[in-house]
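Inspection log for the structure reproduced underneath, given as C-alpha cells.
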Amino acid sequence: MKNKSKAKLIVTLMTFFMACTSILVVLINVQAAEKKVGNIILANIENNMLVLKKGDTWQLKTIIEPSNASNKELIYRTSNKKVATVSKKGKIMAKGYGSAKITIQSADKKEKRTITVKVPEIPVTKVTVSPEEKTITVGNTFLLKATIMPKDASIRNLSYKSSNQNVATVDSKGKVKGINAGCTTITVITLDGKKQTTCKVTVKQKEVKVKSVTLALKSVDLYEGETKELEIEIKPDNATNKNVIWTSSNKEVATITNGLIQAVKEGTSTITAVAADGSGNKAECVVNVKKKLEETQPSQTSESDSNSTANQGYKLVWEDDFNGTKLNTDNWNYEYHDPGWVNNELQKYTDSPDNIYVKDGDLVIKAIKTVDENGTHYTSGRINTQNKHDYKYGRFEVRAKVPSGKGFLPAFWMMPTDENLYGQWPKCGEIDVMEVLGDQTNKSFGTLHFGEPHTQSQGSCTLTNGDFASEFHTYACEWEPSEIRFYVDGKMFYKENDWFSKKTGYGEATYPAPYDQPFYLILNLAVGGSWPGNPDETTNFGDNAELCVDYVKVYQKDSYDENVQKPVKNLVFRDPDLTGNYVINGDFKELESLSDGKNWEYLQTGGGKASAEIADNAIHIKTQDAGSLNYSIQLVEAGLPMIQGYKYRLSFDAYASDNRTIITDITAPDKGYKRYFPDTTVALTADKQHYNYDFDMTDVGDINGRVEFNLGNQGSTADVHISNVRLEKIGTADIPQEIKSVLPDGNYVYNGEFEQGKDRMDYWSVDSKCEGVNASVTNIDNKRELKITMPNTVTSLDQVIVKQDPIAISGNKTYTLSFDAYADGNKSIQSVIDGQSFDTQLTNIKTTYKYKFNTEAGLNGSTLKFLLGQEGSIYIDNVRIQEDSLLINGDFANGMTGFEVYAYNPSDVSYVVDELHENKAACIDINNTGDADWKIQLKQNNITLENGKWYRISLDAKSTKNRKIMYALQKDGSADNDWTPYSGTQVIDLTNDYKTFTCDFQMNGQTDKKTILSISTGAVGGVQITDKHTVILDNISLVEIAAPKKEDIPSGTELIKNGNFATQNDGWVNAVTAPGDATADFTQGKAIYNISNVGTDDWNIQLKQDDLTLEKGASYEVKFKIKSSAPRTVKYALLNPNDGYKWYGGSDILLENDVLKVIDETIVVTENNANTISFVISMGKIKDIDTPTSIIEISDISIVKK
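Using the UniProt record's numbering, the letters of the sequence shown map in sequence onto residues 1 to 1202.
Set out below in C-alpha cells:
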C-alpha cells in the first residue's frame, strides 16, 4: 500500500511539473513575441513647451521606440479644454487664453510625455474710428466704424460714450443719433480701458419750415396753347424743404407742371402752390385763358430772326449760305460710317456727290436706295464742323426743308468737340436742335441728352397748317450757361435748365456741365433705325428723299456769366387716391385704350405679339409670340410719384392659364430706366394669388416712376390676368449715407480733378490759421486746377492745409500718391498720408510728383493733407492715391468697386461680395446663363497693357455646379466691334472647390489703356445652364512678369493635344455662337458636328485648340481628315487672337457629299513668334458661298514641326 501511494504521489508531482514547464514555455514565448513601448519622442516640440495663437492648430509628430513595438497606439489628454483641445490623432487646437497640459501616453500606460501649451493674450496697440469728424442734422443717425489693431488682438469689444448726450447719443454698436444742435465728442474705448479714440460730432438744427410762398404774378392772361412759367419765392431762404405742390382748380382750362402753366381752352382757373413741408403756406395765381388767335403762316425769311438776335445782344460769328458750287471743306468734314453704326440705322454715310452736293444756293443731303442681287442698300450723307467751327454758347440756326416718308430722320444737332472731358455719350452731352420724323412732318423735336444714367429732356413744336417737308422753316437753339431754348420760326417752344453730367461711381460734375464746353455742328439724313422705323412700301426716294439746307448761322454774345447755380427743382408730387393708392385705375374699373399714353399702356417690341383687354376689373393679356426679350410684351403705368425717404409697397393679384413667370419692377423713364424697385421674377400659377413687395426709395425724388409687368421671352406664352394693382407708402426709410471707398478708376481720392460740386470743391476742405487765404478752382478753357493764394502773413506750412478725410485706404498694402503741381515761384510743400510725409519742391513748371508708401496692418482709412502755407499761389491737380497694382480691388476688400456685372437679362442674375461664408469673394447667383457666353460677365475697364510686355493674370474660382467659365483681357470693342483678346480666350473648368487659374501672355497689340478684363459666365462653349447656381471669384490679380526663357521646339514635335479624340474633347474648344446652332459629339474617336443652323459667319461654328506655339521661319505639317454629309466649304486656319486674329496660315476646303477628305499641307510661318496661336476649323456660313446644314466628321488632327 505504501509503495502504491508513493508511486501515485510521484506520478502526480511529475504531471504538475510538466504542466508548469509548459506554462513557463508559453510565457517565455509570449514574452519573446511581445515588444513594449520604451520611449515616446515628440519630434516637433522643444523644451516640452508649445506657444500658439488663439484659433491656431498644431499636429504633434511622435516617434515610438522601439520602432517595432507591438502596440504603437497613443492616448492624448488635455487638462483644460477651454484653453486647448487635442484630437485622437494628436492635433492640438488653441481655444482660449491661458495654459493647459497635454499628456501623451502609451496604450499600456507605461510610458507618457507631458507638454505645456500656452495661448497668450495679444494686447491692443491702437484703436481708430472713421469718420473722425461728422456733421448731421437733428434726428439723423450714422454708424461709427471702429478698428482695433492688430487684427488678432485678444480684446475685441468696445464701448462708446458721448460727452454731451443732450447733443448726440451713441448706442453699444456705435450708432450715433443727433438730439439737439451743438457739438459733442464720442469716445471709443477698448474693454480694458487702455486704448481709446474720438470722433467730433456736430449736430445742426432741425428742419426749417417754410414761412411764406409768393408767386411773382397774381394773375396772367394766356391764349389757348400758350405756356407761362411762374416764378416762385420761398421764405426763409434756409427752409429745409422748398418743394411745393402745384394744383389747378380747372384742368380743362389750364394745367400746371413744375410751375409751367399750359393754357388748354378758354376760361378761368386758379393755380395754387402749397408748401410741401406741411406748413400750410401757399400762394395763388388766376389764369385767364383766351380763345386762340388765327394761326399765321411761318415766315419764309430770316430778317425778323436776325433783328431779334441783334436786339438780344447776339452777333453773327459764322455762317455758310451754300452759295458756291460744292461743299466748302474748310468749314465741313465728311463722316463715313457703315450701316448699323448707331441706332440700327440702315444707311452708309459717304462723301459721294450723289449723296452730298450744293445746288442753287442750297446744301442737299440725299438718301439713295439701291436694289441689286445682294439685297437693298441705302446711302446718305453726314457732315460736321468739328475742329473747324466749334463754339461754347450761342444761337445756332438753320433754315431747311426736310424729306417726307416712313424711315427718314433728318437732323441739325451738336456734339462736344472733346467727348473725353466728361466721358463718352451720353455723359458728354448732346444738343438736338431739329429732328423731324419722316412720317410726322408737322412736328419738330428739340432734345437734350445727358447724364449717366442716360437722361433726355425733349420738347416739340407741331404746326397746325403746313408741314416741315413742303416748305423751308427756321430752326434755332439758344444755348446759355444756365438755360437752353429751342425755336421754330422765331417762336420758342421749349426750354430747359435742369441737366447734369455724372459717371457711374463718381460724384456729379459741377453745373452747367456737360453744357460748358465747345460743341460742333452736325447735319445728316438717317434712314431707318430704332426711332423712325425702317422705310416701307409707302416711302418714296428720288427727289423726295432730300434734306435741303438754305443756310447755317451761329451767333454769340460778347460774354457769358458762367458763375451759375443748378436750379433747385421744386418737384410736385401728386397725392394718392382716397385709399392711399398711387396707381391710377389699379382696380381696372375703367376701360382704357392702353395706347394713348395715359395711365395704363400696353407695349410690345423685339418680336413680341399679344393682345391686352380690360374686363371684369382685371387686365387680360394673351400672348401669341413672346418675342426675343423678357420685356417684348409689357404692361406699364408711368407718372408714379416716388418720394425719397419713404418705404413703399407694390402689390397686385395675378394668375395665369398655366404655370409661368413674369417680371415686375419700378423704373425711372426720365433717368435711363434705372430701377427704384429691382427686376423681380414672379411665379404665377393657375390659382389667383396676392403678391406684395416692400422697398425703400432712397434715390432722389421722381414724379415719373413707372411700374412694369414684363411678359416677354420667359419660356411661356400662357395667358396672364392681373388685377388690384397698388403702390402705397407704408412708412419712412433711412437714406444711407455715403461711405467712401475706392473709385471705379482705382483712385481713393474723390474729386481729385476738381470738377465736382459747389465751386468744384466737393470732398475737399481748407484749414487756414490766418486771414487773406483764397481757395478757388480755375476754369479757363475747361482747365480746372485748385489754386491757393496766400498773403505774406503766412509763416509756416501748417498754417494752410488742404485736406480730404477720410481716404479709405487699408493696411498691409502698397499705394502710390501722385499729383500735378506748380507755383508762381520756387516753393516747398508737404503732403501727408497715414502719418507719412513727403516733401516736394515746386517750380513754375507744372510737374507730376509720385510717392510710394506702405501701410501698417489694421489701418482703416486716413486723412490726406497738403501743407502749403507760404506767400504766393500754388496750383494742384489730378490728385490720386491708388494701389500699386494693375488691377483694382481684386480681393474685393472694397466690395464691387472697380468691377461691374453685365447681365443681358438682369432678372437672371444677382450678385454680392460675401463675407459671411467667404473671405470677401464675388458671388454671382445665376438662374439662367442665356444662350451665349457674353450674356453674363464680370468686368473691369480701363486696365493698361503695354506693347511687348509680359503679364500674368490669375484668379481663384469655384462654382456650386460643375461648369466652364471663360476669361480674357481684351480690347474694348464698343466703338468698332473689335474685341481682340490680348491674353487669348481662357476656358476653365470649375468645381465646388477653389482652384487657382493662371495665364501668362505677351501684349502683342499696341499699348492699350482701356483694356477690359471680362470673365464670362454665360453659356460658355454653347452650353446653356438653367439650373440655379453660384460662381464664386476671388483674388483676381494682374502683374507684369519677366519674359519667359525661350525654349526651342525640336523638329518632329506634335503641337496638337488629343488629336485622335481618345479622351473625347479634352484640350478642344467647341465654339458654337448664335445664330449658329449645332451639337457636337466626341465619343467615337472623332468630332462629329450636327449643324442645324450655319449662322451668318464662318466663326459661328468652330472647333478649335488654343495656345499653340509657332516660330517665325519654321515649317509645320498640318494633317487631318474631314467629311460632310452635304457638299460645302469649310475653313481651317492658324490665328493669333492676341494680335487681332492675325493669320498665320490655313486654307479653304471644298468637301464633296460623304467623301472623306485627307488634308496634308505644309505651312511656313512668316509672322513673329507667338505662343497664343489658335488652330480653328470653321464650319459656319462661308461668305458669298451657299453653305448648307450638314453633319461634319473630323478626325486624326496633327500639326508637327518639321
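Ideal Cβ positions, reconstructed from N, Cα and C, are used throughout, including at glycine. If you're wondering where the values come from, they're calculated on a predicted model, not measured in any experiment.
Report task. Please determine, among Ser628, Gly381, Tyr691, the residue with the shortest C-alpha to C-alpha distance to Gln714. Result -> Along the sequence shown, one-based indexing puts residue 714 at 714. It is Ser628 whose Cα lies nearest to the Cα of Gln714.
Leu191: buried (16+ other C-beta within 10 angstroms of its C-beta) or exposed? Numbered from 1 along the sequence shown, position 191 holds the residue referred to as residue 191. Result: exposed.
Put Asp362 into one of helix, strand or coil per three-state DSSP.
On the sequence shown, residue 362 is found 362 positions in, with the first residue counted as 1. Three-state result, Asp362: strand.
Threshold first: 3 residues or longer. Then list the beta strand (DSSP E) segments lying entirely within the segment 1070-1150, N to C. 1077-1081, 1087-1093, 1101-1110, 1115-1124, 1128-1136
Exercise. Exposed or buried, Lys369, counting other C-beta atoms within 10 Å across all chains shown (16 or more means buried)?
Worked result: In the sequence shown, the residue the question calls residue 369 occupies position 369. Under this definition Lys369 is a buried residue.
TODO: Flag this pair as yes or no: are the beta carbons of Leu864 and Ile833 separated by less than 8 Å?
DONE: The count along the sequence shown starts at 1 and reaches residue 864 at position 864. The count along the sequence shown starts at 1 and reaches residue 833 at position 833. A contact, by the Cβ cut-off of 8 Å.
Below 8 Å on the Cβ atoms is my contact criterion, and I expect Pro1137 with Thr985 to pass it. Report the Cβ-Cβ distance as a whole number of Å. The residue given as residue 1137 occupies position 1137 in the sequence shown. The residue given as residue 985 occupies position 985 in the sequence shown. The pair is a contact, with the Cβ atoms about 6 Å apart (cut-off 8 Å).
Is Gly182 near Asn164, with beta carbons less than 8 Å apart? The residue you call residue 182 lines up with position 182 of the sequence shown. The residue you call residue 164 lines up with position 164 of the sequence shown. Yes. Within cutoff.
- Query: On the three-state DSSP scale, how would you describe Val210?
  - Reply: Position 210 of the sequence shown, counting from 1, holds the residue named residue 210. Coil.
Just checking my contact of Asp432 with Gly405 at CB under 8 Å: how many whole Å lie between their CB atoms? Position 432 of the sequence shown holds residue 432. Position 405 of the sequence shown holds residue 405. Rounded, the Cβ-Cβ distance is 20 Å, inconsistent with contact.
Problem - Where Val1020 falls: helix, strand or coil (DSSP) - result: Along the sequence shown, read from residue 1 onward, the residue named residue 1020 stands at position 1020. Three-state DSSP puts Val1020 in a helix.
Check: Are Leu1038 and Ile953 closer than 8 Å when you measure CB to CB?
Finding: To locate residue 1038, count along the sequence shown from 1; it is residue 1038. To locate residue 953, count along the sequence shown from 1; it is residue 953. Yes, these two residues count as a Cβ contact at 8 Å.
Excluding five sequence neighbours on each side, which residues of the same chain lie with their C-beta closer than 6 Å to the C-beta of Ala668? As a position in the sequence shown, residue 668 is number 668, starting the count at 1. Answer for Ala668: Lys674, Asp702, listed in chain order.
Item to check | Beta-carbon contacts of Glu471 that lie in its chain and below 6 Å, excluding the five residues immediately before and after | outcome: The sequence position of residue 471 within the sequence shown is 471, counting from 1. For Glu471, where only same-chain residues beyond five positions count, there are no Cβ hits under 6 Å.
Subject >> Given Val138 as reference, the closest of Ile102, Ser1174, Lys177, Glu121 once Cα atoms are compared >> reply: As a working note, residue 138 is residue 138 in the sequence shown. It is Lys177 whose Cα lies nearest to the Cα of Val138.
Point to revise | Residues near Asp993 in its chain [Cβ-Cβ closer than 7 Å; skip 5 each side] | key: To locate residue 993, count along the sequence shown from 1; it is residue 993. Excluding residues within five positions, the ones whose Cβ falls inside 7 Å are Lys958.
With a 10 Å radius around its C-beta and 16 neighbouring C-beta atoms as the bar for buried, classify Asp1107 as buried or exposed. As a position in the sequence shown, residue 1107 is number 1107, starting the count at 1. Label assigned to Asp1107: buried.
Quiz item: Secondary structure at Asp543, three-state DSSP: helix, strand or coil?
Solution: In the sequence shown, the residue the question calls residue 543 occupies position 543. DSSP places Asp543 in helix when its eight states are reduced to three.
If you run the structure through DSSP and keep just helix, strand and coil, what is Leu990?
-> What you label residue 990 is simply residue 990 of the sequence shown in a count that begins at 1. Residue state, collapsed to three classes: strand.
(request) Within 10 angstroms of the Cβ of Leu260, are there 16 or more other Cβ atoms? Answer buried if so, exposed if not. (result) The residue given as residue 260 occupies position 260 in the sequence shown. Classification of Leu260: exposed, given that the 10 Å Cβ count is below 16.
Exercise. For Val912, I'd like the list of residues in its chain whose CB is within less than 7 Å of its CB, leaving aside the five on either flank, ordered along the chain.
Key: Reading the sequence shown from its first residue, position 912 is the one you call residue 912. These residues qualify, in order along the chain: Cys923.
Exercise for review: Take the Cβ of Pro453 as the centre, count every other Cβ of all protein chains shown within 10 Å, and call the residue buried at 16 or more, exposed below.
Suggested key: For this step, residue 453 is matched to residue 453 along the sequence shown. With fewer than 16 Cβ atoms within 10 Å of its Cβ, Pro453 is classed as exposed.
Worksheet item: What is the DSSP secondary structure of Val799, reduced to helix, strand or coil?
Response: The residue given as residue 799 occupies position 799 in the sequence shown. Position check: residue 799 holds Gln in this sequence, whereas Val was assumed. If DSSP states are grouped into helix, strand and coil, Gln799 belongs with the helices.
### Message
Let's see if you can read the secondary structure: which residues bound the beta strand (DSSP E) around Asn941?
### Response
Taking the first residue of the sequence shown as position 1, residue 941 is located at position 941. Where Asn941 is concerned, the enclosing beta strand (DSSP E) stretches over 936-945.
On the three-pair Cβ rule with 8 Å, is the segment 1133-1148 touching the segment 1085-1097? no
Report task. Could you have a look at Asp1000 and say whether DSSP puts it in helix, strand or coil? Result -> Along the sequence shown, one-based indexing puts residue 1000 at 1000. DSSP places Asp1000 in strand when its eight states are reduced to three.
Legend entry - Assigned secondary structure, Thr516 (DSSP; H/G/I helix, E/B strand, else coil): Numbered from its first residue, the sequence shown carries residue 516 at position 516. With the sequence shown as reference, residue 516 is identified as Asp, and Thr is not the correct amino acid for it. DSSP places Asp516 in coil when its eight states are reduced to three.
ask   = Using a Cβ-Cβ cut-off of 7 Å (strictly less than) and excluding sequence neighbours within five positions of Ser765, which residues of its own chain qualify?
value = Residue 765 sits at position 765 when you count from the first residue of the sequence shown. Once the five neighbours on either side are set aside, the close Cβ partners of Ser765 are Lys803.
* Find the nearest neighbour of Ile780 within the set Glu562, Ile936, Asn323, Val583, judged by alpha-carbon distance. => To locate residue 780, count along the sequence shown from 1; it is residue 780. It is Glu562 whose Cα lies nearest to the Cα of Ile780.
Provide the residue(s) that pair with Met93 in DSSP beta bridges, ordered along the chain. Counted from its first residue, the sequence shown places residue 93 at position 93. For Met93, which the question treats as bridged, DSSP gives the partners Thr57, Thr85.
Measuring straight from C-alpha to C-alpha, what distance separates Gln830 and Phe500? By 1-based counting over the sequence shown, the position of residue 830 is 830. By 1-based counting over the sequence shown, the position of residue 500 is 500. Cα to Cα, the separation comes out at about 35 Å.
By alpha-carbon positions, which one of Pro518, Leu523, Ala513 ends up nearest to Lys410?
For this step, residue 410 is matched to residue 410 along the sequence shown. In the sequence as presented, Lys is not what sits at residue 410; that position holds Pro. Answer by Cα proximity: Leu523.
Alpha carbon of Lys827 to alpha carbon of Gln556, nearest angstrom: For this step, residue 827 is matched to residue 827 along the sequence shown. For this step, residue 556 is matched to residue 556 along the sequence shown. Computed Cα separation, rounded: 42 Å.
Which partner residues does Phe1175 have in the DSSP bridge list? Start at 1 with the first residue of the sequence shown, and residue 1175 comes out as number 1175. In DSSP, Phe1175 forms a bridge with Gln1105, Leu1134.
Margin query: Between the segment 1100-1117 and the segment 1062-1071, can you find at least three pairs of beta-carbon atoms closer than 8 Å?
Written below: yes
Quiz item: Going by beta carbon distance, what residues of the same chain come within less than 8 Å of Thr944, once the five residues before and after it are set aside?
Solution: Start at 1 with the first residue of the sequence shown, and residue 944 comes out as number 944. Excluding positions up to five away in sequence, the list reads Leu886, Thr1007, Asp1008, Lys1009, Thr1011.
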